[in-house]
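Colleague: Quick one: the structure is below, and I'll ask about it shortly.
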Amino acid sequence: MSDGISAGRGASLTGPPSALVIETRGLSRRFGRATVVQGVDLAVRPGTVYGLLGPNGAGKSTTIKMILGLLKPTAGGIDLFGEPWSRRSLGRLGASVDGPSLFDHLSAAQNLQVHAHLLGLDGGGVDTALDLVGLASTGRKAVRNFSLGMKSRLALGISLLGEPELVIADEPQNGLDPEGIADTRRLLRCIADSGRTVVLSSHVLAEVAAVADDVGVMVGGRLVHQGPLHEVAPDGDLERQYFRLTAAAGR
């Protein structure tokens, strides 16, 4: 067995479970008669940025919510850090999905302090998180007066509290200006380069291409392709390959 992820339609996992931060097997979810995620086999390697791509309604957010325990799978299994999914494992990750609950009357620092308390942390990492997401200068400004981009930065900052081994970010560039997008890209890359792992769900193909090591493409609830970025898009044109894959899967 190779230690990497095999590229290809509906790619199978090729790394041993202990080598994967996230491994799903046949992960599926139904809502009534509608199947929104079907037979998804994700393989997320440690120390990488994994870009999860797909059109709206592809099942990306539902897949992430099952990994986070926010939705129960209809079928299939999930391993985190080489072990069967458990609430205890969730303590090793941070996530920003649909935006966390923000307290509009509080400042960015106060919001981080509240979330640190809820996570059982001492709050010592609040200033570091503020610096990382570029909100250290917001002072006592209430979150109700933040732009959408500033709220996106704060959401990402909350996911970084406690220096989690795995960060799951769903559309972290939402509302950001070009400078903010570039800052977020550098931050996610820095997290992975430090040995931690990032799962980035995004529809901004250029940003995924700029930061990801591996990518997975979902269409119609299925994972139709995953593998190292250089294999999925050997010519460097992720956009062209993405549209080719989604068009082929839609036939």
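First residue of the sequence shown: 1, per the UniProt record's numbering; consecutive thereafter. Using N, Cα and C, we set each Cβ at its ideal position, and we do this for glycine too. Keep in mind the model is a prediction, meaning the values are calculated, not measured.
Sort out for me which residues DSSP pairs G94 with in a bridge.
Modeller: For the purposes of this step, residue 94 is taken as the residue at position 94 of the sequence shown. Bridge partners of G94: V167.
Colleague: Where does M1 sit, in a helix, a strand or coil, going by DSSP?
Modeller: Here residue 1 refers to the residue found at position 1 when the sequence shown is read from its first residue. Residue confidence is low: M1 scores 32 on pLDDT, short of 50, so the model does not pin down where it sits. Its coordinate-derived value is still stated next. If DSSP states are grouped into helix, strand and coil, M1 belongs with coil.
Colleague: Leaving out the 5 sequence neighbours to the left and right, which residues in its chain are closer than 8 Å to Q162 when beta-carbon positions are compared?
Modeller: Counting from 1 along the sequence shown, the entry for residue 162 is found at position 162. Here residue 162 turns out to be Gly, not Gln, going by the sequence shown. Cβ within range, chain order: G94, A116, L119, L121, G125.
Colleague: Using the C-alpha atoms, what's the distance from I158 back to V219?
Modeller: The residue you call residue 219 lines up with position 219 of the sequence shown. The residue you call residue 158 lines up with position 158 of the sequence shown. Whole-angstrom Cα-Cα distance: 30 Å.
Colleague: Less than 8 Å between the C-beta atoms of L135 and M150, yes or no?
Modeller: If you number the sequence shown from 1, residue 135 lands on position 135. If you number the sequence shown from 1, residue 150 lands on position 150. Cβ distance < 8 Å, so L135 and M150 count as in contact.
Colleague: Could you tell me whether the stretch 84-92 touches the stretch 29-39, where touching means 3 or more Cβ pairs closer than 8 Å?
Modeller: no
Colleague: For G125, which beta-bridge partners are listed by DSSP?
Modeller: Counting from one through the sequence shown, the residue named residue 125 turns up at place 125. According to DSSP, G125 bridges with nothing at all.
Colleague: If you drop the 5 nearest sequence neighbours on each side, which residues of the same chain put their C-beta closer than 7 Å to that of P234?
Modeller: For the purposes of this step, residue 234 is identified with residue 234 of the sequence shown, where counting begins at 1. Nothing listed; no residue qualifies.
Colleague: Measuring straight from C-alpha to C-alpha, what distance separates H105 and D183?
Modeller: Counted from its first residue, the sequence shown places residue 105 at position 105. Counted from its first residue, the sequence shown places residue 183 at position 183. The alpha-carbon atoms of H105 and D183 are separated by roughly 26 Å.
Colleague: Checking contacts by CB at 8 Å: is A136 closer than that to chain B?
Modeller: The structure shown contains no chain B; it holds only a single protein chain.
Colleague: According to DSSP, is D107 helix, strand or coil?
Modeller: Numbered from 1 along the sequence shown, position 107 holds the residue referred to as residue 107. The sequence shown places Ser at residue 107, not Asp. In this structure, S107 counts as strand in the three-state DSSP scheme.
Colleague: Since V143 and L102 are thought to touch, with beta carbons under 8 Å apart, how far apart are those beta carbons, to the nearest angstrom?
Modeller: In the sequence shown, counting from the first residue as 1, residue 143 sits at position 143. In the sequence shown, counting from the first residue as 1, residue 102 sits at position 102. Indeed, because the Cβ distance is near 5 Å, the residues count as touching under 8 Å.
Colleague: Grab me the residues of L223's own chain with a C-beta within less than 6 Å of its C-beta, minus the 5 sequence neighbours each way, in chain order.
Modeller: Residue 223 sits at position 223 when you count from the first residue of the sequence shown. For L223, where only same-chain residues beyond five positions count, the Cβ hits under 6 Å are V40, G216.
Colleague: Do three or more CB pairs link the stretch 199-209 to the stretch 168-186 at distances below 8 Å?
Modeller: yes
Colleague: Can you look up A206 in the DSSP assignment and give me helix, strand or coil?
Modeller: Working through the sequence shown from its first residue, we reach residue 206 at position 206. Helix, per DSSP.
Colleague: For G123, which residues from the same chain have a beta carbon less than 6 Å from its beta carbon, with the 5 sequence-adjacent residues on both sides left out?
Modeller: For this step, residue 123 is matched to residue 123 along the sequence shown. Cβ within range, chain order: Q113, A116.
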